[in-house]
Amino acid sequence: MAFWTSTLTLLVWPLVSWRFDEMDPIAGISPTYFGLAGIGLTVLIIVLSIGWVYDVTFGLWREHLTVVQERNPFTTYKLNPPFGMILSQTNTILRKMADGDDEVIRHCDFVDRWLEWNAEQEIWSRTMSSWKNIIEDEDPFLIHLSEESRNKLETSAEDLQDF
């Protein structure tokens with residue numbers, strides 16, 4: 028806002044400054060300051076009004092954000108590995124506390140299948156590769172994966188070319 032206000036005020040000032048040259052000071056303050064302040068406030072109000080009309084009347088910004096959220100796979104069905112680790116730990120705790128509740132077990136089974144599917148995605152392979160090569164952890168054990176999925180993930184992580 029400061030950029031627009033100062034830039035436009037200083038661009039407009041040479042066009043209207045002649046009106047303030049012959050005026051007497053008001054309360055010891057040069058009329059130039061009142062002129063600059065008036066132009067600055069007018070520019071500020073115009074810029075804020077344009078922003079308000081753009082946002083409230085047209086709603087284009089909200090629509091854009093909605094589309095961005097809907098198209099982002101990590102807000103719909105994909106999990107990034109750190110969040111997947113937390114979800115798997117929470118799922119393990121929930122399963123241990125279920126006490127034979129079939130609905131809770133069914134939910135935990137779904138989360139396990141979801142985590143297994145996500146482990147087949149490239150981002151999980153890249154994360155596994157990072158854990159091994161960058162952090163130098165030889166055994167990043169993922170408790171929520173089956174032995175087969177864990178082996179596939181380790182193999183795909185080794186096949187990746189890290190940059």
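Per this note's numbering, residue 28 is the first one in the sequence shown, and the count goes up by one each step. Just so you know, even glycine gets a beta-carbon here, dropped at the ideal spot from N, CA and C.
So, for Asp-136: in the same chain, excluding its five sequence neighbours on each side, which residues have a beta-carbon less than 6 angstroms away from its beta-carbon? none
Just verifying my parser: in three-state terms, what is the DSSP assignment at Ile-53? strand
So which of Leu-35, Asp-51, Ser-76 has the shortest CA-CA distance to Asp-65? For clarity, residue 65 is Gly in the given sequence; the question names Asp instead. Checked all of Leu-35, Asp-51, Ser-76; the closest Cα to Gly-65 is Leu-35.
Where do the N-terminal and C-terminal ends of the alpha helix (DSSP H) with Ala-125 fall, by residue? Note, Ala-125: premise wrong, no alpha helix (DSSP H); not H, not E.
Is Leu-142 near Val-131, with beta carbons less than 8 angstroms apart? no
Length at least 4, wholly inside the stretch 134–176: the alpha helix (DSSP H) runs in chain order: 149–160
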